[in-house]
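If you're matching positions, the sequence shown starts at 1 in full-length UniProt numbering and goes up one per residue. Every residue gets a Cβ at the ideal spot worked out from N, C-alpha and C, and that includes glycine. Take a look at the structure set out below.
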Amino acid sequence: MEIKLVLDTFAQPLTVLFKDTIDLCQTHASDISALKILFSSLTLIAKLFYSLNFQDLPEFFEDNMETWMSNFHNLLTLDNKLLQTDDEEEAGLLELLKSQICDNAALYAQKYDEEFQPYLPRFVTAIWNLLVTTGQEVKYDLLVSNAIQFLASVCERPHYKNLFEDQNVLTSICEKVIVPNMEFRSADEEAFEDNSEEYIRRDLEGSDIDTRRRAACDLVRGLCKFFEGPVTTIFSGYVNSMLAEYAKNPGVNWKHKDAAIYLVTSLASKAQTQKHGITQANELVNLNEFFVNHILMDLKSPNINEFPVLKADAIKYVMIFRSQLPKEHLLQAVPLLVAHLEAESTVEHTYAAHALERLFTMRGPDNSTLITPAEVAPFTEQLLNNLFKALALPGSSENEYIMKAIMRSFSLLQEVIVPYVPTLIGQLTHKLLLVSKNPSKPHFNHYLFESLCLSVRITCKSNPAIVGSFEEALFPVFTEILQNDVQEFVPYVFQVMSLLLEIHSSSIPSSYMALFPHLLQPVLWERTGNIPP
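Right, here's the structure in full:
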């Protein structure tokens, strides 16, 4: 009801405002200060159009589609020199407006394809021209990714299949849109080296929704919906040609291989989950052959710091196709991933830790872990050493992926870790002391306490008497946390202490009894985190 009220009141004046603003743009075409205000207003109007049309196609907008779509199309093809900026990073007003118009067109192509059909060909032409004429600068990223997402929306709809059936069209899309936007640019290289946390967040955690690569990948998947055979054949030719370029001079042409791996990943991925990686793959892409011929060589390279981007690509390939690759390939990869934990590149050693953690969670047909403790045993010491050494590498002192891999390694190896626990518990408590000064990474802290609990459980399971050694190691740090009232850690400390206390079979040690009066303070019971659910 609320949206109906808004539409009844607002749709007509918004349309009038839209037309008037466009008229004013023509009147003040040479006045830069006026144009800045007018184009900012047009972008806001375009955003409002998106919001008002998102839920359903309102009758008013259906009746006035010609007004909106014709003007959107004109704005999409507009090129005003006064609005062009020299800044290569920040999107200008023209780019922001065109990005939003691409979003609006994609919405109509997806949800209201029948009504939008008369306007579609001219939008496809305009957006195609936009894509082939727009540069590689960062300021165009949002515009290009939204433009590609429009094509991805269109090619997935049965209504528009005929637009993409021609082999020449598919070849042209690959050559002029997909490959150029999958290339690893200098801006990506800078992010990889200097802003690794953001790079990892975008690449691993799926916040890359507005990147060129993600949009190009979505377009490949969209095209494969109806044209999997021809698309795979055409794109495989480009993959082979990029790999051939790389082979001519790896030192100079390594970015060709990076793009080839990304294109193969896009072609092969049909369905993906966080838990299992790629769960449904394109059967026309031979993932095992590509692993053996092109991925393994980067994983096996004796110089783990050479071509870190390709190393990260290779690790990610194992990680996302872990459910598709045979177990022998995964076992072959484990010691190689352990070695990559020592890489100087934050992205590379983070990916190695994350890949190991994901492999260790995989389940076999009998629901036990696919990779067994016995299979990891030969390199247990190197695995644990490298994981803890990785926490000392620049930029990774509170790396949640590494700490999660430590936790998962403990969980997988169980009693195999017992001989190493005296050393490991010292490193964990030292890390706990450091992070308790300024807790800023909740996931890292959670996995740290989980690792401490696993150490206690696994070791005391076979030898409960050793609980005193854990208390000696942990209590000084716990005391400091409680005295300083580190609110983020107090609930964890109580949980670990209760775990230690339950292991005692006889009387309660005096150290716990001394703490008892303090536990009755009302302030502790006012915090929900201190009270078990």
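Could you work out which residue in the options is closest to residue i when comparing CA atoms only?
{"i": "Gly-92", "options": "Met-69, Val-138 and Leu-120", "result": "Val-138"}
{"i": "Thr-294", "options": "Ala-314, Phe-360 and Gln-382", "result": "The sequence given here places His at residue 294; Thr does not occur at that position. Ranking the options by Cα distance to His-294, first place goes to Ala-314."}
{"i": "Ala-473", "options": "Leu-452, Glu-502, Cys-102 and Lys-19", "result": "Leu-452"}
{"i": "Ile-458", "options": "Phe-449, Val-421, Ala-191 and Gln-487", "result": "Val-421"}
{"i": "Arg-157", "options": "Ala-46, Leu-107, Asp-188 and Ser-196", "result": "Leu-107"}
{"i": "Glu-89", "options": "Ala-191, Leu-519 and Lys-19", "result": "Ala-191"}
{"i": "His-340", "options": "Glu-114, Val-220, Glu-357 and Lys-311", "result": "Lys-311"}
{"i": "Phe-235", "options": "Asp-210, Glu-205 and Met-182", "result": "Met-182"}
{"i": "Ser-186", "options": "Thr-125, Gln-136 and Glu-205", "result": "Gln-136"}
{"i": "Ser-30", "options": "Asp-79, Leu-14, Trp-68 and Asp-20", "result": "Asp-79"}
{"i": "Cys-460", "options": "Phe-18, Ile-503, Leu-96 and Lys-36", "result": "Ile-503"}
{"i": "Leu-356", "options": "Leu-143, Ala-333, Thr-346 and Ala-374", "result": "Ala-333"}
{"i": "Thr-9", "options": "Lys-19, Phe-60 and Leu-35", "result": "Phe-60"}
{"i": "Phe-290", "options": "Val-309, Ile-304 and Leu-325", "result": "Leu-325"}
{"i": "Thr-15", "options": "Phe-54, Glu-66 and Met-362", "result": "Glu-66"}
{"i": "Phe-478", "options": "Thr-429, Arg-322, Pro-517 and Pro-118", "result": "Thr-429"}
{"i": "Tyr-401", "options": "Phe-116, Asp-188, Ser-33 and Ser-196", "result": "Ser-196"}
{"i": "Asp-20", "options": "Ile-32, Ile-3, Ser-41 and Ser-498", "result": "Ser-41"}
{"i": "His-159", "options": "Val-179, Tyr-112 and Glu-193", "result": "Tyr-112"}
{"i": "Ile-261", "options": "Asp-298, Ile-371, Thr-346 and Leu-120", "result": "Asp-298"}
Could you pull the start and end residues of the alpha helix (DSSP H) that residue i belongs to?
{"i": "Glu-381", "result": "380–390"}
{"i": "Cys-453", "result": "442–462"}
{"i": "Asp-210", "result": "First-last for Asp-210: undefined, no H or E at that position."}
{"i": "Gly-395", "result": "Looking at the DSSP string, Gly-395 is not in any alpha helix (DSSP H), and its letter there is neither H nor E."}
{"i": "Ile-45", "result": "32–54"}
{"i": "Gln-414", "result": "Here Gln-414 belongs to no alpha helix (DSSP H), and DSSP marks it neither H nor E."}
{"i": "Phe-470", "result": "467–483"}
{"i": "Lys-327", "result": "327–340"}
{"i": "Asn-489", "result": "Rather than Asn, the amino acid found at residue 489 in this sequence is Phe. Unbroken run through Phe-489: none, as it is neither H nor E."}
{"i": "Lys-300", "result": "296–300"}
{"i": "His-518", "result": "510–519"}
{"i": "Ala-11", "result": "2–27"}
{"i": "Cys-174", "result": "Element bounds for Cys-174: n/a, residue is neither H nor E."}
{"i": "Arg-202", "result": "196–204"}
{"i": "residue 534", "result": "Past the edges of the chain, shown from 1 to 533, lies residue 534, and the structure says nothing about it."}
{"i": "Pro-308", "result": "308–320"}
{"i": "Ile-304", "result": "Ile-304 -> no alpha helix (DSSP H), and no H or E assigned at all."}
{"i": "Ala-105", "result": "93–111"}
{"i": "Leu-75", "result": "65–76"}
{"i": "Ala-152", "result": "141–155"}
{"i": "Val-523", "result": "522–525"}
{"i": "Pro-121", "result": "120–133"}
{"i": "Glu-165", "result": "Counting along the chain, Glu-165 falls outside any alpha helix (DSSP H), and DSSP gives it neither H nor E."}
{"i": "Phe-290", "result": "287–290"}
Inspect the beta-carbon positions of residue i and residue j and report whether they are closer than 8 Å.
{"i": "Phe-184", "j": "Ala-259", "result": "yes"}
{"i": "Phe-379", "j": "Val-418", "result": "no"}
{"i": "Leu-94", "j": "Leu-83", "result": "yes"}
{"i": "Leu-413", "j": "Val-376", "result": "yes"}
{"i": "Ile-22", "j": "Asn-71", "result": "yes"}
{"i": "Glu-471", "j": "Ser-436", "result": "no"}
{"i": "Ile-127", "j": "Phe-150", "result": "yes"}
{"i": "Thr-265", "j": "Ile-320", "result": "yes"}
{"i": "Lys-47", "j": "Gln-100", "result": "yes"}
{"i": "Leu-336", "j": "Lys-300", "result": "yes"}
{"i": "Phe-475", "j": "Pro-439", "result": "no"}
{"i": "Ala-405", "j": "Leu-387", "result": "yes"}
{"i": "Val-285", "j": "Thr-233", "result": "no"}
{"i": "Phe-410", "j": "Ser-455", "result": "yes"}
{"i": "Thr-211", "j": "Asp-103", "result": "no"}
{"i": "Val-124", "j": "Val-154", "result": "yes"}
{"i": "Leu-130", "j": "Val-177", "result": "no"}
{"i": "Leu-96", "j": "Thr-43", "result": "yes"}
{"i": "Phe-444", "j": "Met-403", "result": "yes"}
{"i": "Arg-358", "j": "Arg-322", "result": "yes"}
{"i": "Glu-2", "j": "Leu-57", "result": "no"}
Using 8 Å as the limit for Cβ to Cβ distance, is residue i near chain D?
{"i": "Leu-35", "result": "As a matter of chain content, chain D is missing from the structure shown, which is built from one protein chain."}
So what does residue i bridge to, in DSSP terms?
{"i": "Arg-363", "result": "Thr-369"}
Inset, instruction - Could you tell me whether the segment 348–361 touches the segment 389–397, where touching means 3 or more Cβ pairs closer than 8 Å? - result: yes
Inset, instruction - For the segment 510–519 and the segment 463–470, state whether three or more C-beta atom pairs, one from each stretch, are separated by less than 8 Å. - result: no
Legend entry - Cβ contact (3+ pairs, closer than 8 Å) linking the segment 241–258 and the segment 223–230: They do not touch, by the three-pair rule.
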